[in-house]
Amino acid sequence: MTGSEEASSASTKGDAASGPKEGAANYETILKIPVTVQVVLGTTSMPVASLMKLGRGAVIALDQRVGEPVNVVVNGRVVARGEVVVVDEASSRFGVSLTEIVAGSNAEKAA
């Protein structure tokens, strides 16, 4: 083996040895990225004039019925559907129990 072949062989072994560790570190970094999660109870459309008339205590009717699943949206994409549940009655906190995970192409259609 020549000197350049030895150097090439050594760098290949070094890359292979550091690859999995770097991949794991990158994976850990990706898992720490914050994303925005929203639970959409429903939507509605109204003219600006109606919006301007809204005041405290006004009720806005949504397009979704009681008991229908809510959409779980991550960074603007529907990723799941679920049911609203009470997490802690003492502090009046709600949560969502996931009932369906929306697959890739279906997520775009659902939005």
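The sequence shown begins at 1 in the working numbering and counts up one residue at a time. All residues carry an ideal CB built from backbone N, CA and C; glycine is no exception. Here the structure is a predicted model, which means the values were calculated and not measured.
Look at residue i and residue j and say whether their C-beta atoms are less than 8 Å apart.
{"i": "residue 75", "j": "residue 40", "result": "no"}
{"i": "residue 93", "j": "residue 87", "result": "yes"}
{"i": "residue 102", "j": "residue 79", "result": "yes"}
Between the options, which has its C-alpha nearest residue i's C-alpha?
{"i": "residue 63", "options": "31, 42, 52 and 38", "result": "42"}
{"i": "residue 84", "options": "60, 104 and 98", "result": "98"}
{"i": "residue 65", "options": "44, 100 and 29", "result": "44"}
{"i": "residue 77", "options": "38, 22 and 25", "result": "38"}
{"i": "residue 115", "options": "27, 24 and 59", "result": "Because the chain in this structure spans residues 1 to 111, residue 115 falls outside the shown range and cannot be described."}
Excluding sequence positions up to five away, which residues of its chain have a Cβ less than 6 Å from the Cβ of residue i?
{"i": "residue 104", "result": "none"}
{"i": "residue 68", "result": "none"}
{"i": "residue 35", "result": "74 and 75"}
{"i": "residue 95", "result": "85 and 87"}
Tell me the residue span of the beta strand (DSSP E) that contains residue i.
{"i": "residue 73", "result": "70–74"}
{"i": "residue 98", "result": "93–101"}
{"i": "residue 64", "result": "Careful: residue 64 lies outside any beta strand (DSSP E) and carries neither H nor E."}
{"i": "residue 77", "result": "77–88"}
{"i": "residue 40", "result": "37–40"}
The alpha helix (DSSP H) that contains residue i, what's its start and end?
{"i": "residue 48", "result": "48–53"}
In chain order, what residues of the same chain lie with their CB nearer than 8 Å to the CB of residue i, ignoring the 5 residues before and after it?
{"i": "residue 51", "result": "none"}
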